[in-house]
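Trainee: The structure under discussion is supplied below as structure tokens; questions concerning it will follow.
Residue numbers (this note's numbering), protein chains in the order written: chain A, 4 to 238; chain B, 4 to 238; chain C, 328 to 562; chain D, 328 to 562.
Structural data, given as structure tokens:
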């Protein structure tokens, strides 16, 4: 029943070539840097990565893109303070982009986790991001049909995790992570501290353990934004 | 900015005849008994009530039905340990029933709060509860289209509320209430204690204040189940 | 009649529940329907621990508290008071049914009026009279990796409950994959009943005579062996 | 050219932001787009307090912390470090965009490349070159009771930004109801630009000459009066 994994390498060991991987975080807030780097070390390629952004600087998702591991990005905002990794590959036609409005991205991921294959949203109606999509009118207003988004794996960063996988997050680092935990076949979480079951107040659990498969403790996790400001590159 | 109301009567003062009202609670767990009784006292009629159940015994929603105030119930399970109030009116053809599977009821309410006019679910496909509904196939599997559910008012019970309307709940009394807070034009909450803004840890807020319009403190709220076991009737 | 004879040699409800419990692996997330299925929780094999989900928003709840110590905000879907185990979590109804509809449960075990050979289930309503009430049944049948039924093999009148086609209103279409009865364990595979285990004291033909659709043999048929059990009262 | 003359007498960005801030009532829930719109937060009238929402999951955040004291898990949608005010709340991205899409925000204020007389907005992309990035813009335009734009009245090249029909890719259709420019305050009503306020130093004809679609008069036109402001740097 204990979901603890001994190492980052063990936690990502079965993420194979061609996998679809959701990665938590909004910019550097909540980015699971150690898990991303473990996945780079593993060497899996042809990945489809789902994240709000598309990497920044030379670490994390940007380092994964630099290393040529990412076939496709599904995101809302592939720009950042140092967007070279994605921009270069995109302009060279070496990486595919599915651009999704941020709220639609969040809702598609939640729908994937909640067993809702499709829903309607006003977002993007009449824009090029709705091109080719089913349109339907409800109560006299047009809406765009959007499909659920699922993944083979989610890798996210949380604050506390008990051995059953119940999670809390740190401040706005929560962002997409609770949704991604729901929408992936296998959810892998790095937490600052693993605690015994019962240590997290049941009222304060943000992600219930049913959505979590593996935990790995990274006691003093790196913060992407701080690394970028320090000019760190992962190679 | 302070959302505190002085009295229960003040909090429900503008719930008029013909209103659609979501009422939090699952059986007696989370039932806002004092707000329901204040609404009975106000005398509004022809109400459409949305709740998981349809009242129990002679108090709460059952008392409201007994008093002839409810035109229609939208619920998943109009049975209880003492279901006379609803059963009598229903069998006499004096109350309308829209029966909705429990998960679909929850999701329709969430959709109402989230601006999603319709979604697809596998639930009820092939059953009489999907009769007349739009069916669509996704990835080879049939799904039922369901519409959002909104209300003019929600009346719910919470545990702590700060003056901005941020809420916590007590245990499983949470149930439908956070969804109903999202889906109503006006959300009215009875809380065991109103605290100054800043007293609830931002990490522990379950319903953010943006979904709450009015708070009223009911320091020692009655518990429906306990009242029913004591044979209490509200007349 | 063969049927009458075999009614004398049959498993009690507790024994059916015991048998179903043996197939639940350690760490499984399980939802047990209201009533008879709740008995399954009593018979978890030593060394295994399932985590029980209840629709009204709890993971990892435990047995009823002693009489007089109930907290009526801490109840299960059957509105009975429960307790918490370490590692429990509370969540709202939309998240709860995201767990269900999203396929996050490993096992759901439900009661049945009828099960058809194609996996259709009827368990929510006998006819068109009285007050209909569906609760979460229509969600749960689409909600788990394995959806099983526990049931008497025939009705009190001796009529088969395993049938070619359900005559009662459906709960779900092609949703049941395993049936534990008072006389047998039967899988539903390729729209057929496939016999896996039967009471040693009865012949295949005797079992077939009690069954409203053809029983198929596809692989070995084991003896259905269940210990004598104490405290068989269903609550 | 009239246009050049009027460029000399115009509001600064800070002054445009100030003017927009005057229309935000006490207790309003407000989302400010990344960049220029963020300036609006600085000019809340005395005695009024708006509650600011950021897409990445915070309500009631405050100003940036002093340099060196940033917590990079506590950022806004522009990925800038922020602080919390008392009564703040954290939530995940699906809940955050439920607030947006569900119409729970009172005001959203966005920047614009072009606004059309029917309320269409173009603000996310100039053409088809480079890396496209949409973020939450397409959600926000459908997300508030009032969706306003703050903008220069014309581009740096003197081309009108208020037009009959947007030529840049659309962000949303018929979504903008008010425009605060460097020269005027204009409502969009019945698919027409209706002038509400203009700088006293310019004539209606001068303003019309800077505007790419017809300006209508429908009720009084007030002078647009804004104080001189310190610290006008946009961040």
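Here a beta-carbon is modelled for each residue, glycine too, at the ideal position from N, C-alpha and C. Because the structure is a prediction, the values reported are computed rather than measured.
When Cβ atoms are compared, which residues of the segment 121-145 of chain A fall closer than 7 angstroms to chain D?
Mentor: 124, 125, 126, 127, 128, 129, 130, 131, 132
Trainee: Are the C-beta of residue 389 of chain D and some C-beta of chain B separated by less than 8 angstroms?
Mentor: no
Trainee: Would you decide whether residue 338 of chain D is buried or exposed? Buried here means 16 or more other CB atoms lie within 10 Å of its CB.
Mentor: buried
Trainee: I want to verify the contact list: residues of chain C whose CB lies under 7 angstroms from the CB of residue 214 of chain A, in sequence order.
Mentor: 431
Trainee: At 3 residues or longer, what runs of the beta strand (DSSP E) sit wholly inside the segment 377-461 of chain C?
Mentor: Complete beta strand (DSSP E) runs here, min 3: 378-381, 385-389, 410-417, 432-437, 441-443.
Trainee: Which residues in the same chain as residue 141 of chain A place their Cβ atom closer than 8 angstroms to its Cβ, once the five residues preceding and following it in sequence are excluded?
Mentor: Exclusion of the five residues before and after residue 141 of chain A leaves 123 as the residues of its chain whose Cβ lies within less than 8 angstroms of its Cβ.
Trainee: Excluding the 5 residues preceding and the 5 following residue 155 of chain A in the sequence, name in chain order all residues of the same chain whose CB lies nearer than 6 angstroms to its CB.
Mentor: 22, 23, 188
Trainee: Assign residue 494 of chain D to one of two classes, buried (16 or more other C-beta atoms within 10 Å of its C-beta) or exposed (fewer than that).
Mentor: exposed
Trainee: Name the residue from C:421, C:342, C:365, C:407 whose alpha carbon lies nearest to the alpha carbon of residue 182 of chain A.
Mentor: Measuring from the Cα of residue 182 of chain A, the nearest candidate turns out to be C:421.
Trainee: Inspect the beta-carbon positions of residue 99 of chain A and residue 74 of chain A and report whether they are closer than 8 angstroms.
Mentor: yes
Trainee: In this structure, does DSSP put residue 331 of chain C in helix, strand or coil?
Mentor: Since pLDDT at residue 331 of chain C reaches only 45, below the 50 mark, its modelled position is unreliable, and no value is offered.
Trainee: Would you verify that the beta carbon of residue 359 of chain D is, or is not, closer than 8 angstroms to some beta carbon of chain B?
Mentor: no
Trainee: Give me, in chain order, the residues of the same chain whose beta-carbon lies closer than 7 angstroms to that of residue 450 of chain D; leave out the 5 immediate sequence neighbours on both sides.
Mentor: 437, 438, 439, 440, 464, 498
Trainee: How would you list, in chain order, the residues of chain A whose beta-carbon sits under 7 angstroms from the beta-carbon of residue 384 of chain D?
Mentor: 175, 177, 178
Trainee: Please list, in chain order, the chain F residues whose beta carbon lies closer than 8 angstroms to that of residue 40 of chain B.
Mentor: Given the protein chain composition of this structure (A, B, C and D), no chain F is represented.
Trainee: How would you write the range of the beta strand (DSSP E) that residue 50 of chain A sits in, first residue to last?
Mentor: 50-53
Trainee: Rounded to the nearest angstrom, what separates residue 471 of chain C and residue 427 of chain C at their Cα positions?
Mentor: 7 angstroms
Trainee: Report the three-state DSSP secondary structure of residue 134 of chain B (helix, strand or coil).
Mentor: coil
Trainee: With 8 angstroms as the threshold, decide whether the Cβ of residue 363 of chain C is near any Cβ in chain A.
Mentor: Residue contact check for residue 363 of chain C against chain A: no CB pair falls below 8 angstroms.
Trainee: Run through chain D and tell me which residues come within less than 7 angstroms of residue 228 of chain A, C-beta to C-beta.
Mentor: 399
Trainee: Tell me which residues share the same chain as residue 167 of chain A and place their Cβ nearer than 6 angstroms to its Cβ, disregarding the 5 neighbours each side in the sequence.
Mentor: 200, 212
Trainee: At a Cβ threshold of 8 angstroms, is residue 428 of chain D touching chain A?
Mentor: With 8 angstroms as the cut-off, residue 428 of chain D counts as an interface residue toward chain A.
Trainee: Taking only beta-carbon positions, decide if residue 331 of chain D is within less than 8 angstroms of chain B.
Mentor: Note that residue 331 of chain D scores a pLDDT of 45, beneath 50, so its modelled location is shaky; the value from the coordinates is reported in the next line. Answer no: the Cβ-Cβ gap between residue 331 of chain D and chain B never drops below 8 angstroms.
Trainee: Could you tell me the alpha carbon to alpha carbon distance between residue 352 of chain D and residue 375 of chain D, rounded to whole angstroms?
Mentor: 7 angstroms
Trainee: Along chain A, which residues have their Cβ under 8 angstroms away from the Cβ of residue 435 of chain C?
Mentor: Chain A residues near residue 435 of chain C: none, gap ~13 angstroms exceeds 8 angstroms.
Trainee: Over the uninterrupted alpha helix (DSSP H) stretch that includes residue 197 of chain B, give me the two end residues.
Mentor: Note, residue 197 of chain B: premise wrong, no alpha helix (DSSP H); beta strand (DSSP E) at 187-198.
Trainee: Measure the alpha-carbon distance for residue 416 of chain C versus residue 111 of chain B and round it to whole angstroms.
Mentor: In this structure, the straight-line span from the alpha carbon of residue 416 of chain C to that of residue 111 of chain B is close to 23 angstroms.
Trainee: Just grab the DSSP bridge partners of residue 158 of chain B for me.
Mentor: DSSP, once it has assigned bridges, lists B:26, B:191 as partnering residue 158 of chain B.
Trainee: Residue 106 of chain B versus chain D: which residues are under 7 angstroms apart at the beta carbon?
Mentor: Chain D residues near residue 106 of chain B: none, gap ~17 angstroms exceeds 7 angstroms.
Trainee: Counting only beta-carbon atoms, is residue 96 of chain B nearer than 8 angstroms to chain A?
Mentor: no
Trainee: Alpha carbon to alpha carbon, what distance is there between residue 340 of chain C and residue 363 of chain C?
Mentor: Between the alpha carbons of residue 363 of chain C and residue 340 of chain C lies a distance of about 7 angstroms.
Trainee: Three or more beta-carbon pairs under 8 angstroms between the segment 168-177 of chain B and the segment 133-151 of chain A, yes or no?
Mentor: no
Trainee: Name the two residues that bound the continuous alpha helix (DSSP H) containing residue 371 of chain C.
Mentor: Where residue 371 of chain C is concerned, there is no enclosing alpha helix (DSSP H), given that its DSSP letter is neither H nor E.
Trainee: With 7 angstroms as the C-beta to C-beta threshold (strictly closer), list the residues of the segment 335-358 of chain D near chain B in chain order.
Mentor: 353, 354, 356
Trainee: Examine chain D for any beta-carbon lying closer than 8 angstroms to the beta-carbon of residue 28 of chain B, and answer yes or no.
Mentor: No, no contact with chain D.
Trainee: Just the Cα atoms here: how many angstroms apart are residue 91 of chain A and residue 85 of chain A?
Mentor: Taking the Cα positions, residue 91 of chain A is about 11 angstroms away from residue 85 of chain A.
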